[in-house]
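Take the sequence shown: its letters are residues 21 to 338, numbered as in my numbering. Using N, Cα and C, we set each Cβ at its ideal position, and we do this for glycine too.
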Amino acid sequence: MTGTKLVMSPSRGATSPKRKTMEDCWVRMLEWKVMKALLLNRAALTTPGDINADGSLARPWRLCTVDQVEDLKAVVRILPLWLSSIFLSVSIGIVLSLAILQALSLDRRLGPHFTVPAGTLSVVALVAAAVTLPALDRCLYPAWRRLVGRPLTPLQRVGVGHVVNTAAMAAAALVERRRLASARSLHELEHQPGALVPMSVLWLVPPLAMVGLGESFHFPGQVALYYQVFPETLRSSATGLVGLSIAVGFYVSTAVVDLVRRVTDWLAADINAGRLDKVCWMLAAVGVINFGFYLLCACSYRYQAVVDQPERSSKELE
């Protein structure tokens with residue numbers, strides 16, 4: 021071995037700055053995940069004074085089981101995705117309300133003896149959802165599975181619902197722009213409150229049908245997602261999360277409408293003097309931002325395998 025020179029390999033002895041930066045980011049991410057898990061796990065750690073001499077719990081309200089901690093982790097992991105679904109109901113609530121105002125200014129006659137009630141236009145979205153749901157389950161989803169080799173995941177179905185919902189807002193804006201153009205330029209109805217625009221109410225059907233189509237994607241997708249990732253003890257609450265997001269979204273929609281009325285003149289007393297199209301474009305723009313937030317949450321989300329057990333463990337972390 022005398023005279024043999026030892027040369028250190030550059031790949032082993034030196035690390036590029038880019039690789040070192042990526043490794044540091046990965047280490048920090050792991051540290052954050054471990055710290056978050058440890059903070060939740062502390063709820064199941066026994067401390068002196070928690071257990072009596074006979075083995076019973078001295079303070080049951082301060083000590084959780086391992087299963088309860090894991091249930092909380094499942095809820096925390098799904099919260100960002102749930103928050104992104106609230107805006108879907110916000111936009112739906114606003115568009116359905118504006119459609120009634122638009123219908124009151126349009127020609128609602130269907131034939132010589134029938135006039136469409138303005139308040140019934142929201143049924144269009146419900147009918148569209150009821151028609152497309154069986155078509156998706158019986159035709160589209162099986163065809164997708166045969167072509168791709170795997171079914172659409174709940175996250176993908178919700179994502180498609182986001183896209184269709186945003187497209188519906190853009191379609192509603194285009195229909196309103198045409199209505200305003202007919203009212204202002206062609207017939208000069210801008211300063212005639214209550215005047216009817218010679219435009220059929222059927223123009224409102226396509227955007228409302230798109231709203232129903234989006235609902236048939238994202239609402240069942242959310243139910244399937246929550247039911248899939250929640251543990252058995254919380255599966256009864258999975259469908260409740262969807263109803264809660266709808267309720268919160270409709271309450272927020274009233275606040276958004278009030279804010280728009282205070283800040284802008286888009287929602288005037290006379291619909292022909294307002295700019296409902298800008299409201300719809302605003303919803304479409306926020307929908308794009310919300311979809312980006314959803315993509316970020318969906319890409320970082322990892323499915324957790326939930327195993328049903330006859331009797332769940334109640335042991336504490338020690």
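I309 counts as exposed, since fewer than 16 other C-beta atoms from the protein chains shown sit within 10 angstroms of its C-beta. Residue pairing of S104 in beta bridges, as defined by DSSP: absent, with no partner found.
Our two residues, L316 and L175, have alpha carbons roughly 12 Å apart in a direct line. DSSP, read as helix, strand or coil, puts D157 in helix. Shown here, V217 sits in a strand according to DSSP, grouped into three states. Taking 8 Å as the cut-off, the beta carbon of S236 is found no closer than this to the beta carbon of A119. According to the DSSP assignment, I266 belongs to the alpha helix (DSSP H) that extends over A258 to V283. For A229, the uninterrupted alpha helix (DSSP H) run begins and ends at V225 to V249, by DSSP. Between the C-alpha atoms of V178 and S111 there is a straight-line separation of about 15 Å.
A Cβ-Cβ separation of about 20 Å leaves P137 out of contact with A192 under the 8 Å criterion. Taking 8 Å as the cut-off, the beta carbon of A229 is found no closer than this to the beta carbon of Y246. DSSP places N292 outside any alpha helix (DSSP H), giving it a letter other than H or E.
Secondary structure note for V136: it is in no alpha helix (DSSP H), with a DSSP letter that is neither H nor E.
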